[in-house]
Each structure stands twice: as structure tokens, then as C-alpha cells.
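Position one of the sequence shown corresponds to residue 11 (the numbering used here), numbered consecutively onward. Backbone N, C-alpha and C fix where the C-beta goes; we use that ideal spot for every residue, glycine too. Since the model is a prediction, treat every value here as computed from it, not as a measurement. Written out below as C-alpha cells is the structure these notes cover.
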Amino acid sequence: MACAAVIFGDRNSALSHFAAVYELVRLKGGVDTFQRIDRRAVIWCELHVCAAYQLPPTLAPTLPALSNHVASALASAARGRGPRHRTPASALDRVLSAFHLVSAATSAAWTPVLVADPACKDGVAAVLDDAAHALLVELARPGARGWIDAVLLHAAHVYLWTALSNLPAGAQLNVMLLERLRGALEIGEGGGHNDKEVCAALARCGGGGIEAGGARALLWALVVGWFLAEKIWRREESGRDGVRRAGAGAKLRGWFEDGILELLRGFGGGANERGGGADGCGFSGDR
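Structure below.
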């Protein structure tokens, strides 16, 4: 994005830069006066800034909705792709459902449909824009939330920029999002940053200490984190490392891999693949 160079490292410059964008939008009569592609570019530029600094977006997308027929077909294709551990009416579940619907829409089976039907393609874009806006609003919302909810919010944010956008794997934003997801996981059920406590919490998830839906949600979050860390690591290994801190991908990849194995141990599988320490915990603060 054109504004990417001023987003990171200087919050005041980033916000000042986007204040000028807001003024441009105001002078033109609002974001709805822009053509479709320009409107989406402005909206996603704001989402990028808000993602970097955990701010609520203000430019609400207004693209057309999917037709009922296409929405039903995509919903069927997306069913079972994402985590759900509470009522579908919750804001987070609606966001996750929308993201997985968009993921289904970008699969090989649906690509010809989108190419042949511009209205359908615009509708899928509308679903993504609306869900991304809702997610960032939810992330910026003050107030306490449960551990799994916090983890899923950050995992959904990683999923948004990793699976549903064209952001390069080595972008600094990706490392920031992974570190936030790791931080949310490290807090654990008890609210304290302690590797042993997190290992115990993950083991309880697998062993039934948290409802099965919560365990599946945590596994999904860990896999999403591992997937992005793997992409960053591969970029580093190829010599095209765009990450400011060398080796970030390898460290994060190992941490998320250990978390997945710890959760699987609770289910009775993958017990000793990485051979954790004497306490049986695969996490390492040195990763």
C-alpha cells in the first residue's frame, strides 16, 4: 500500500497521514462517492492503519450484499471450515463465519463462478470488507473478555491478513499480529504470563477441562499462527527476509508448533514428538 512506509515506527506520523486521507474523503462528499475500486482501496488503507495500532475503523464499507442463492451455496461450502464455540449470534462468530465463507469463495471450485459473475464477486468482497471492519471494531473495544475469545480475535486478525489479503509474508504487520496472538495465548486461563500455566491450560483443553468447542478453537488459533510463522520462516530461509528482526519466523514457528503438540497431548496424541523438558512442557521461553 502507498501509505505503508509511514505506518510503522511512528504512530503520530501514521495517524497524521491518515487524517489527510479522512479530509480528502470529506471533501469528496464521503467514501460512497468514490468508485468501487478506489473506495475499497481507501477502506483497506484505513484497515491497515487500524490493524497496526489496534484502532477502530470509521469508514464503514457499503458494497452490495450477496444474493440469497449464492450466500446459501457458499455457506454450505464454508460449513465446518472454522471454529465455533458459542452461539452464531455473537459478533466474533459472525466474523469467523464470514471469513470462512470468503475463503470458500476463493477456492478452485468457486473461482469460475466469481469470474463469470461480477455481482457475485462484488458480493464476496462486501462480505470480506464488512467482516474485516467488524473485527477491528471488536479488537479495539475496551473491556475484559475471556481467554478463548481474546485468542480467537487475534487469530482471526492473523487469518484476515494471511489468508484473505495480498499482504506479503515478510511484512512487519504480520510479525506484529503473530506476536499479539502469541501474547494472547500466553496469558492463559489464569491471566498470567507463565509457560507452565499455558501448557497446563492447553492440556486441560484437550483433556476436557474446557468445552470441546473451546479446545477446537484454540487448536485452530494455534494452526493459523503456525501457518503464518511458517510462511515468514520460509521467506527468511530464501534470503528474501522483509522482517525487521532476523529469525522471527523460526522462533514463532517453533513456539506455535510446540503449542499445537501440547494441545494434542491433552487429546492423547502427539505425546513426545518434540520431547519437551522434564516438566513435560514443550514451550520454551528461549524460542
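Requested in this report: Drop a sphere of 10 angstroms on the beta-carbon of Arg275, count the other beta-carbons inside from all chains shown, and report buried for 16 or more, exposed for fewer.
Outcome: Residue numbering aside, residue 275 sits at position 265 when the sequence shown is read from its first letter. Buried is the call here.
Query raised in the report: Which first and last residues belong to the alpha helix (DSSP H) in which Trp54 is found?
Result: Looking up residue 54 in the sequence shown gives position 44. Start and end: Arg46 to Tyr63.
Query raised in the report: Can you tell me the Cα-Cα spacing of Ile242 and Tyr63, whole angstroms?
Result: In the sequence shown, residue 242 corresponds to position 232, counting from 1. In the sequence shown, residue 63 corresponds to position 53, counting from 1. Each residue's Cα considered, the two are about 21 Å apart.
**Report entry** Whole runs of the alpha helix (DSSP H) within the stretch 105–171, excluding any shorter than 4 residues
**Finding:** 121–126 and 128–150
Query raised in the report: First and last residue of the alpha helix (DSSP H) that includes Ser26?
Result: Sequence index remark: in the sequence shown, residue 26 carries index 16 (1-based). Element bounds for Ser26: Arg21 to Leu37.
Requested in this report: Tell me whether Gly257 sits in a helix, a strand or coil according to DSSP, three-state version.
Outcome: For the purposes of this step, residue 257 is taken as residue 247 along the sequence shown, with counting starting at 1. Three-state DSSP puts Gly257 in coil, outside helix and strand.
Query raised in the report: Whose C-alpha, out of Leu273, Gly249, Arg244 and Phe44, is nearest the C-alpha of Leu262?
Result: Here residue 262 refers to the residue found at position 252 of the sequence shown. It is Arg244 whose Cα lies nearest to the Cα of Leu262.
Query raised in the report: Is the Cβ-Cβ distance between Leu162 and Leu149 less than 7 Å?
Result: Sequence index remark: in the sequence shown, residue 162 carries index 152 (1-based). Sequence index remark: in the sequence shown, residue 149 carries index 139 (1-based). Cβ atoms of Leu162 and Leu149: not closer than 7 Å.
Query raised in the report: Are there 16 or more other CB atoms within 10 angstroms of the CB of Ala181, so buried, or fewer, so exposed?
Result: Sequence index remark: in the sequence shown, residue 181 carries index 171 (1-based). Label assigned to Ala181: buried.
Query raised in the report: In whole angstroms, what separates the C-alpha of Leu138 from that of Gly39?
Result: On the sequence shown, position 128 is the one that residue 138 refers to. On the sequence shown, position 29 is the one that residue 39 refers to. A direct Cα-Cα distance of roughly 24 Å separates Leu138 from Gly39.
Query raised in the report: Thinking C-beta only, is Ala141 closer than 7 Å to Phe109?
Result: Here residue 109 refers to the residue found at position 99 of the sequence shown. Here residue 141 refers to the residue found at position 131 of the sequence shown. It is a contact, given that the beta carbons lie within the stated cut-off.
Report task. Report the rounded CA-to-CA distance for Ser82 versus Leu228, giving the unit in angstroms. Result -> Position 72 of the sequence shown, counting from 1, holds the residue named residue 82. Position 218 of the sequence shown, counting from 1, holds the residue named residue 228. Taken atom to atom, the span from the alpha-carbon of Ser82 to that of Leu228 is near 27 Å.
Query raised in the report: Buried or exposed: which applies to Ala30, given that a residue is buried once 16 or more other Cβ atoms fall within 10 Å of its Cβ?
Result: As a first step, residue 30 must be located in the sequence shown, where it is residue number 20. That one is exposed.
Requested in this report: Given a cut-off of 7 Å, decide if Leu191 and Gly235 are closer than it, judged by their beta-carbon atoms.
Outcome: Residue mapping note: residue 235 aligns to position 225 of the sequence shown, counting from 1. Residue mapping note: residue 191 aligns to position 181 of the sequence shown, counting from 1. Contact: yes.
**Report entry** CA nearest to the CA of Gly249, picked from Ala179, Ile197 and Trp230
**Finding:** Locating residue 249 in the sequence shown gives position 239, where the first residue counts as 1. When each option's Cα is compared against that of Gly249, the closest is Ala179.
**Report entry** Inter-residue spacing [alpha-carbon to alpha-carbon] between Phe237 and Ala260
**Finding:** Looking up residue 237 in the sequence shown gives position 227. Looking up residue 260 in the sequence shown gives position 250. Between Phe237 and Ala260, the alpha-carbon positions lie close to 12 Å from each other.
Query raised in the report: What separation, rounded to the nearest whole angstrom, lies between the Cα atoms of Cys130 and Leu106?
Result: Indexing the sequence shown from 1 puts residue 130 at position 120. Indexing the sequence shown from 1 puts residue 106 at position 96. When rounded, the distance between both Cα atoms is 20 Å.
Query - Short Cβ contact (7 Å threshold) for Pro71 with Cys60 - result: Here residue 71 corresponds to residue number 61 of the sequence shown, with the count starting at 1. Here residue 60 corresponds to residue number 50 of the sequence shown, with the count starting at 1. Cβ atoms of Pro71 and Cys60: not closer than 7 Å.
Report task. Using the Cα positions of Thr121 and Val134, report the straight-line distance between them to the nearest angstrom. Result -> Your numbering for residue 121 matches position 111 in the sequence shown. Your numbering for residue 134 matches position 124 in the sequence shown. Approximately 11 Å between the Cα atoms of the pair.
Query raised in the report: Any beta-carbon of chain C closer than 7 Å to the one on Gly235?
Result: Judged by its chain identifiers, the structure shown contains no chain C, having just a single protein chain.
Query raised in the report: Alpha carbon to alpha carbon, what distance is there between Tyr169 and Ala118?
Result: Here residue 118 is taken as the residue at index 108 of the sequence shown, counted from 1. Here residue 169 is taken as the residue at index 159 of the sequence shown, counted from 1. Take the alpha-carbon of Ala118 and the one of Tyr169: they are about 19 Å apart.
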